[in-house]
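S.K.: Submitted below is the structure of interest, expressed as structure tokens.
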Amino acid sequence: MGKLNNVENPNNINSSDTLSLEFVSEHALSIPSFKMMDANGDIYKGAVKSTMDKKTALRIYQTMRFVRILDERMLAAQRQGRISFYMQCLGEEAAVTASAAALEDKDMIFAQYREQAALAYRGFSLENFMNQNFSNEKDLGKGRQMPIHYGSKELNYMTISSPLGTQIPQATGYAYGQKLDGEGACSICYFGEGAASEGDFHAGLNMAAVHKAPVLFFARNNGYAISTPASEQFKGDGIACRGVGYGMKAIRVDGVDTLAVYEAVKMARDYAVTNNEPVLIESIAYRLAAHSSSDDPSGYRSKDEEENFRKNCPIARFKSYLLKQGWLDEAQDEKAKDEIRQQVLDALKTSEKIEVPALEELVTDVYEQVPPHLQRQYEQLKQHVIKYPEAYPATASRIVSNTPEAK
Amino acid sequence: MAKMNMLQAINSALIIAMEEDTRSCVFGEDVGHFGGVFRATSGLQEKFGKDRVFNTPLVEQGIIGFANGLAALGYTTIAEIQFADYIFPAFDQIVNETAKFRYRSGNEFNVGNLVIRTPYGGGIAGGLYHSQSPEAYFAHTPGLQLVFPRNAYQAKGLLTSCIESNDPVIFFEPKRLYRASVGEVPEEKYSIPLGKAEVVKQGSDITLLAWGAQVEIIEKAAAMAELEGISCEIIDLRTVLPWDLETVVNSVLKTGRLIVSQEAPVTAGFSSEISATIQQECFLHLESPIDRVCGLDTPYPLAHEKEYMADHLKVYEAIKRSVNY
Chain L
6 MGKLNNVENP NNINSSDTLS LEFVSEHALS IPSFKMMDAN GDIYKGAVKS TMDKKTALRI
66 YQTMRFVRIL DERMLAAQRQ GRISFYMQCL GEEAAVTASA AALEDKDMIF AQYREQAALA
126 YRGFSLENFM NQNFSNEKDL GKGRQMPIHY GSKELNYMTI SSPLGTQIPQ ATGYAYGQKL
186 DGEGACSICY FGEGAASEGD FHAGLNMAAV HKAPVLFFAR NNGYAISTPA SEQFKGDGIA
246 CRGVGYGMKA IRVDGVDTLA VYEAVKMARD YAVTNNEPVL IESIAYRLAA HSSSDDPSGY
306 RSKDEEENFR KNCPIARFKS YLLKQGWLDE AQDEKAKDEI RQQVLDALKT SEKIEVPALE
366 ELVTDVYEQV PPHLQRQYEQ LKQHVIKYPE AYPATASRIV SNTPEAK
Chain F
25 MAKMNMLQAI NSALIIAMEE DTRSCVFGED VGHFGGVFRA TSGLQEKFGK DRVFNTPLVE
85 QGIIGFANGL AALGYTTIAE IQFADYIFPA FDQIVNETAK FRYRSGNEFN VGNLVIRTPY
145 GGGIAGGLYH SQSPEAYFAH TPGLQLVFPR NAYQAKGLLT SCIESNDPVI FFEPKRLYRA
205 SVGEVPEEKY SIPLGKAEVV KQGSDITLLA WGAQVEIIEK AAAMAELEGI SCEIIDLRTV
265 LPWDLETVVN SVLKTGRLIV SQEAPVTAGF SSEISATIQQ ECFLHLESPI DRVCGLDTPY
325 PLAHEKEYMA DHLKVYEAIK RSVNY
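So the protein lines, in turn, are chains L and F.
Taking the numbering used here, the leading residue of the first sequence gets 6, the next gets one more, and so forth.
Taking the numbering used here, the leading residue of the second sequence gets 25, the next gets one more, and so forth.
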């Protein structure tokens, strides 16, 4: 039967009519995972040719290696009671690092919370990581958020917010503005398969498609939302299939395959910026770490399961590739790891000695200027702290006499 | 000067802002070609194009999420929530994101260029879901500014200030007065400061305080009381958050009496906050208890709207109670 034309199409559908009475199958879409190399770092026969040059490859590798070491050390620091909280990227380093590497520096990154590798790739210093985790006075976030809630205007990395999925429609709005600015920049927005159940996921993806925003939605399907397995999160074929529902391009990629993630995101970025359209990318990996330092996976998954996936290490796989390319020297790599471990430890020791932000930072940045009522509250608090200095040792000794400027 | 109703005044402020700043967008449900269900954005899409003035899908959390992102990029972002009753799907984006954007990032990022316009309030036979005054929910959230115009002139001047402010604002528009409030409004740009209450009328016996559409109600009650020789000082708070304590305190120190009137239910309304603060600041100067004349603690009714509303008669009775205490 005839195709509906646009004038007669107020329902905005794109189909022909049928005389057969049947459902569309819930399995109508079965999206394959894009791969390039196997577990040994060997390129599959017939694979897409890699466009990743040696310099980029080594920068990706070094970033993954750094984040692995940082994560190990910071989790230990948390266990020692030196920081309050931590989240590791373990198992997803390739997905996060290679996707960030496929972007340009002007592109905005909206992360969820497990994407420290993207920030490291952009060049966030070890000191900045540490100062945030210790919420000291050198933290760019002024000691206001729990560890791992990084942010950097300079590096186009939007400050992390704990509520899940809120960054998704924000990335859409930001990317819409990037489109209007016409400078060829886009945004990437990371979130987990659990966060994709939030209403903001629907809001953000639908609006991005409708308003033609150049944003890459990067779903890290890592199997778990804290303890809830993906099988209890959704019924459909992962996250990628939803892109079709929103009318946007979608691709699923093996998130352990650094090369595949890089090529997929590069293609998505080109498409998004050229066409001013969003793309949904679903990375398939396994969250090898606990959800956070407050979580204990032994309550919801077996050691066997973890060991099975531990063999599928994204860093080891990429390292094998690099060695086979002759781009990496094993001995030098081991030496570098030792050096990084020492640097991390030194930075940690330095950072934990830096004082917390001054008391007045409690009331700044609520508004651009401290309003009168808040200035009054600050004055009252200050007098109280001065009266009971032993109860507030972190700030009492450093109270400055001048108060934040009133509006 | 021209005669304008409140919608025309708002429209005028929007046009001036968009002409001045090409990096500005206006969006929301039906705000495009249709000009909004109340026509506040009439003609904007024709003037500024579909890229800058557009309909969004029907998703309030998306509208504000999108707005937060666009504002974070530095765009002057004016988002409309069609009725304040429907702002709650966006509550998380406003309370956890908009309000905390600058603070949580240590000022690395901010959404100070964001204005959320939303029609609020009753008196239009709108029942539960086209009548609410939800300011108290947001007044509990540091980082937001809440602004209420009482007439057309105020609407244009205050909206201009909201758009130019470097902190996010929810601009609550009293929809009952959209067409009813007509007055002389300058065609050119002007602004009225945020965070400053206005003493609308001087008086010596009692202070009456309200914001938005409720100012008209206390004015009516004051006119009745004046006939009995009670001199009322009338204050329009204008900005509910952060509010102008000084102006209210100075007035109550002079009159010794205060009535705060709001459309919203009485329990935990913003009038409660004002009452608590003023009794602390003016305790020894008070001649009678501070009173609140508010909506009942019910959902907003339909058939009983007249009975429910904090009308001028209820305020008038409260004035007499206070003066004769």
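Ideal placement from N, C-alpha and C gives every residue a C-beta, glycine not left out.
Remember, it's a predicted structure, so these values are computed and weren't measured experimentally.
Consult DSSP for L293/L and reduce its assignment to one of helix, strand or coil.
M.R.: For this step, residue 293/L is matched to residue 288 along the first sequence. The answer is coil: DSSP assigns L293/L none of H, G, I, E or B.
S.K.: Between T68/L and chain F, is any beta-carbon pair separated by less than 9 Å?
M.R.: The residue given as residue 68/L occupies position 63 in the first sequence. No, because no Cβ of chain F sits closer than 9 Å to the Cβ of T68/L.
S.K.: Report yes if the CB atom of C49/F is closer than 9 Å to the CB atom of L26/L, and no otherwise.
M.R.: Counted from its first residue, the second sequence places residue 49/F at position 25. Counted from its first residue, the first sequence places residue 26/L at position 21. Result no, Cβ atoms of C49/F and L26/L do not sit closer than 9 Å.
S.K.: Compare the C-alpha of R315/L against each of R292/L, K324/L and V368/L and name the closest.
M.R.: By one-based count along the first sequence, residue 315/L stands at place 310. Considering only alpha carbons, the answer is R292/L.
S.K.: Would you say N211/L lies against chain F (beta-carbon separation less than 9 Å)?
M.R.: Here residue 211/L is taken as the residue at index 206 of the first sequence, counted from 1. With 9 Å as the cut-off, N211/L counts as an interface residue toward chain F.
S.K.: Classify D205/L as buried or exposed, calling it buried when 16 or more other Cβ atoms lie within 10 Å of its own Cβ.
M.R.: By one-based count along the first sequence, residue 205/L stands at place 200. By the 10 Å Cβ count, D205/L comes out buried.
S.K.: Considering only residues of the same chain and omitting the five flanking positions on each side of V270/L, which have a CB-CB separation below 6 Å?
M.R.: In the first sequence, counting from the first residue as 1, residue 270/L sits at position 265. Once the five neighbours on either side are set aside, the close Cβ partners of V270/L are S104 and A107.
S.K.: With distance defined between alpha-carbon atoms, name the residue in L80/L, D275/L, I289/L and I74/L nearest to F223/L.
M.R.: Numbered from its first residue, the first sequence carries residue 223/L at position 218. It is I289/L whose Cα lies nearest to the Cα of F223/L.
S.K.: With H, G and I counted as helix, E and B as strand and the rest as coil, what does DSSP make of I88/L?
M.R.: Walking along the first sequence from the start, residue 88/L turns up at place 83. Coil at I88/L, not helix or strand.
S.K.: Give me the DSSP bridge partner(s) of R207/F.
M.R.: Position 183 of the second sequence, counted from the start, is the residue given in the question as residue 207/F. Just to set this straight, residue 207/F is Gly in the shown sequence, not Arg. Per DSSP, M28/F.
S.K.: Could you tell me how far apart the beta carbons of E132/L and V361/L are, in whole angstroms, since I believe they sit closer than 8 Å?
M.R.: In the first sequence, the residue the question calls residue 132/L occupies position 127. In the first sequence, the residue the question calls residue 361/L occupies position 356. E132/L to V361/L, Cβ: 16 Å. No contact.
S.K.: What does the Cβ neighbour count give for Y393/L, buried or exposed, with the cut at 16 atoms within 10 Å?
M.R.: The sequence position of residue 393/L within the first sequence is 388, counting from 1. By the 10 Å Cβ count, Y393/L comes out exposed.
S.K.: Within 10 angstroms of its Cβ, does Y349/F collect 16 or more other Cβ (buried), or is it exposed?
M.R.: The residue labelled residue 349/F in the question sits at position 325 within the second sequence. Exposed is the call here.
S.K.: If you draw a straight line from the C-alpha of E243/F to the C-alpha of V347/F, how long is it?
M.R.: In the second sequence, residue 243/F corresponds to position 219, counting from 1. In the second sequence, residue 347/F corresponds to position 323, counting from 1. Near 17 Å, if we compare the C-alpha coordinates of V347/F and E243/F.
S.K.: Verify the CB distance criterion: does R149/L have a CB-CB separation below 9 Å to chain F?
M.R.: Residue mapping note: residue 149/L aligns to position 144 of the first sequence, counting from 1. At least one chain F Cβ lies under 9 Å of R149/L.
S.K.: Which residues share a DSSP beta bridge with K225/F?
M.R.: Taking the first residue of the second sequence as 1, we reach residue 225/F at position 201. K225/F is bridged to I258/F.
S.K.: Mind reading off the beta-carbon distance from Q117/L to A200/L? Whole number of angstroms is fine, and I expect it under 8 Å.
M.R.: As a first step, residue 117/L must be located in the first sequence, where it is residue number 112. As a first step, residue 200/L must be located in the first sequence, where it is residue number 195. Right, their Cβ atoms sit about 6 Å apart.
S.K.: Which value, in whole angstroms, describes the spacing of the CA atoms of A208/L and I88/F?
M.R.: Position 203 of the first sequence, counting from 1, holds the residue named residue 208/L. Position 64 of the second sequence, counting from 1, holds the residue named residue 88/F. Going from the Cα of A208/L to the Cα of I88/F covers about 10 Å.
S.K.: Is A103/F helix, strand or coil when you go by DSSP?
M.R.: Indexing the second sequence from 1 puts residue 103/F at position 79. Three-state result, A103/F: strand.
S.K.: Which residues in chain F sit within 7 Å of P378/L, going by Cβ to Cβ distance?
M.R.: Taking the first residue of the first sequence as 1, we reach residue 378/L at position 373. Correcting the residue identity first, residue 378/L is His in this sequence and not Pro. Going along chain F in sequence order, the residues near H378/L (Cβ under 7 Å) are P266 and L269.
S.K.: Pick out the complete alpha helix (DSSP H) segments inside the segment 36-86 of chain L, 4 residues or longer, and give them in chain order.
M.R.: Those alpha helix (DSSP H) runs which fall completely within the segment 36-86 of chain L and span 4+ residues are 59-84.
S.K.: Helix, strand or coil: which one does DSSP assign to I165/L?
M.R.: Numbered from 1 along the first sequence, position 160 holds the residue referred to as residue 165/L. In the structure shown, I165/L sits in coil (DSSP, three-state: anything other than H, G, I, E or B).
S.K.: Tell me the start and end of each unbroken alpha helix (DSSP H) in the segment 224-292 of chain L that is at least 4 residues and wholly inside, in chain order.
M.R.: Whole alpha helix (DSSP H) segments, 4+ residues: 245-251 and 263-280.
S.K.: Evaluate contact between the segment 92-99 of chain F and the segment 174-194 of chain L, counting only Cβ atoms and requiring at least three cross-stretch pairs below 8 Å.
M.R.: With the cut-off at 8 Å, the segment 92-99 of chain F and the segment 174-194 of chain L touch.
S.K.: Cα separation between D309/L and F90/L?
M.R.: For this step, residue 309/L is matched to residue 304 along the first sequence. For this step, residue 90/L is matched to residue 85 along the first sequence. Answer to the nearest angstrom: the Cα atoms are 26 Å apart.
S.K.: Can you tell which of I48/L, E109/L and Y276/L has its C-alpha closest to the C-alpha of T61/L?
M.R.: For the purposes of this step, residue 61/L is taken as the residue at position 56 of the first sequence. Checked all of I48/L, E109/L and Y276/L; the closest Cα to T61/L is E109/L.
S.K.: Determine the direct distance from the alpha carbon of R274/L to that of A190/L, and round the result to whole angstroms.
M.R.: In the first sequence, the residue the question calls residue 190/L occupies position 185. In the first sequence, the residue the question calls residue 274/L occupies position 269. When rounded, the distance between both Cα atoms is 9 Å.
S.K.: Tell me, please, whether the CB atom of G52/F is closer than 9 Å to any CB atom in chain B?
M.R.: This model lacks chain B altogether, as its protein chains are L and F.
S.K.: Label R322/L either buried or exposed according to how many other C-beta atoms from any shown protein chain fall within 10 Å of its C-beta, with 16 as the threshold for buried.
M.R.: For the purposes of this step, residue 322/L is identified with residue 317 of the first sequence, where counting begins at 1. Buried, by the Cβ-count rule.
S.K.: Could one say the Cβ of E282/L lies closer than 9 Å to chain F's Cβ atoms, at least one of them?
M.R.: Counted from its first residue, the first sequence places residue 282/L at position 277. With 9 Å as the cut-off, E282/L does not count as an interface residue toward chain F.
S.K.: Can you pull the chain F residues whose beta carbon is under 7 Å from the beta carbon of E142/L, in chain order?
M.R.: On the first sequence, residue 142/L is found 137 positions in, with the first residue counted as 1. Going along chain F, no residue has its Cβ under 7 Å from E142/L, so there is no contact; the nearest lies around 10 Å.
S.K.: Taking the beta strand (DSSP E) that L170/F falls in, what are its first and last residues?
M.R.: Start at 1 with the first residue of the second sequence, and residue 170/F comes out as number 146. Per DSSP, L170/F belongs to the beta strand (DSSP E) from Q169 to V171.
S.K.: On the three-state DSSP scale, how would you describe D315/F?
M.R.: Position 291 of the second sequence, counted from the first residue, corresponds to residue 315/F. Three-state DSSP puts D315/F in a strand.
S.K.: Between which two residues does the beta strand (DSSP E) holding E197/F run?
M.R.: By 1-based counting over the second sequence, the position of residue 197/F is 173. It spans V193 to P198 - the beta strand (DSSP E) in which E197/F sits, taken as one unbroken run.
S.K.: For V361/L, which three-state DSSP category applies?
M.R.: Reading the first sequence from its first residue, position 356 is the one you call residue 361/L. V361/L: coil per DSSP, three-state reduction.
S.K.: Could you confirm whether any beta carbon from chain L is found closer than 9 Å to the beta carbon of E43/F?
M.R.: Here residue 43/F refers to the residue found at position 19 when the second sequence is read from its first residue. By this cut-off, E43/F is not an interface position.
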